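Worksheet: one structure, shown below.
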Amino acid sequence: MAERSDVIAFGTINRWLAGDKVTTKTGMLVGAVTLAEFTVEKIVEIKKGTNLIPGDVIYLPTMGGMSSSELAARTPRNLQALVYLGDEMTAEDLTVDEAYVVERGDPAAAGAPRRMPQSSQGFVVVDQDNPNLLIWPALGNVAEGALEDVLPGGRLDGLTEDQRYSVCITK
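Counting in the working numbering, the sequence shown runs from 1 upward without gaps.
Below, the structure written as structure tokens:
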């Protein structure tokens, strides 16, 4: 995963925002995105030509969307995180075919830089209630450890699916 990533960074998920929602012209849901607002605090690895620096705020498209009020009520804020990121998404990456209807998400993220986590394993947060637990939001997995354990060569880096389940615990 590290080899495919442009950036590996520590930071904070400040908040979660409703991203764009896409439907067919008849109203059938095609997809919706939730955006994690991520402030870069420390760059671990960066490929030449990538211009991300500490202090930058980017948005990570993560999971199925819900309304902004639901997001505010149901998701924790100010989570410490480690992310393995790909290229910055271009306007072309964010373009939706004219055959679909786009309901724009939270205006706070409009036009802001977006980067996709390299994979579901490439986005990890620290549990607010127990700082010794890591959570992979896109996988629904939880494991004991510190964010450093997920760095390249760390004890939770590069695990197979079976190995991930064997180290995971339930709350």
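The C-beta atom is built at its ideal place from N, Cα and C for all residues, glycine as well. As the structure is a computational prediction, the values presented were derived from the model and not from experiment.
Tell me whether the beta-carbon of residue i lies closer than 7 Å to the beta-carbon of residue j.
| i | j | result |
| --- | --- | --- |
| K21 | E103 | yes |
| V30 | T23 | yes |
| I13 | A32 | no |
| P117 | A2 | no |
| A81 | G11 | yes |
| L60 | D6 | no |
| T62 | T90 | no |
| A99 | I43 | no |
Check whether the Cβ of residue i lies closer than 6 Å to any heavy atom of the ligand SAM, and answer yes or no.
| i | result |
| --- | --- |
| A36 | What this structure holds is no ligand at all, so the ligand SAM is not there to describe. |
Between the Cα of residue i and those of the options, spot the shortest distance and give me the residue it belongs to.
| i | options | result |
| --- | --- | --- |
| G140 | T50, V125 and E148 | V125 |
| G19 | L133, V83, D127 and D106 | D106 |
| A112 | D157, L79 and D56 | D56 |
| S119 | A138, A99, R15 and N130 | A138 |
| T75 | A143, R15 and V142 | R15 |
| K47 | E88, E41 and M28 | E88 |
| N78 | A143, E41 and I8 | E41 |
| G122 | W136, P131, R114 and A110 | W136 |
| R115 | V83, V142 and V101 | V83 |
| A110 | V101, I58 and P54 | I58 |
| M28 | G49, P54, L94 and V101 | V101 |
Please confirm whether residue i has its beta-carbon closer than 7 Å to some beta-carbon of chain C.
| i | result |
| --- | --- |
| P152 | The chain labelled as chain C is not found in the depicted structure, where only one protein chain is given. |
Identify, in the order they occur along the chain, each residue of the same chain with its Cβ nearer than 6 Å to the Cβ of residue i, setting aside the five sequence neighbours on each side.
| i | result |
| --- | --- |
| G145 | L134 and L156 |
| Q128 | P76 |
| R4 | Q118 |
| D97 | none |
| T50 | D6 and V7 |
| I53 | none |
Decide if residue i is buried, meaning its Cβ has at least 16 other Cβ atoms within 10 Å, or exposed.
| i | result |
| --- | --- |
| A143 | buried |
| L17 | buried |
| V150 | buried |
Given residue i, which residues of its chain have a CB within under 7 Å of its CB, disregarding the five upstream and five downstream residues?
| i | result |
| --- | --- |
| E148 | G154 |
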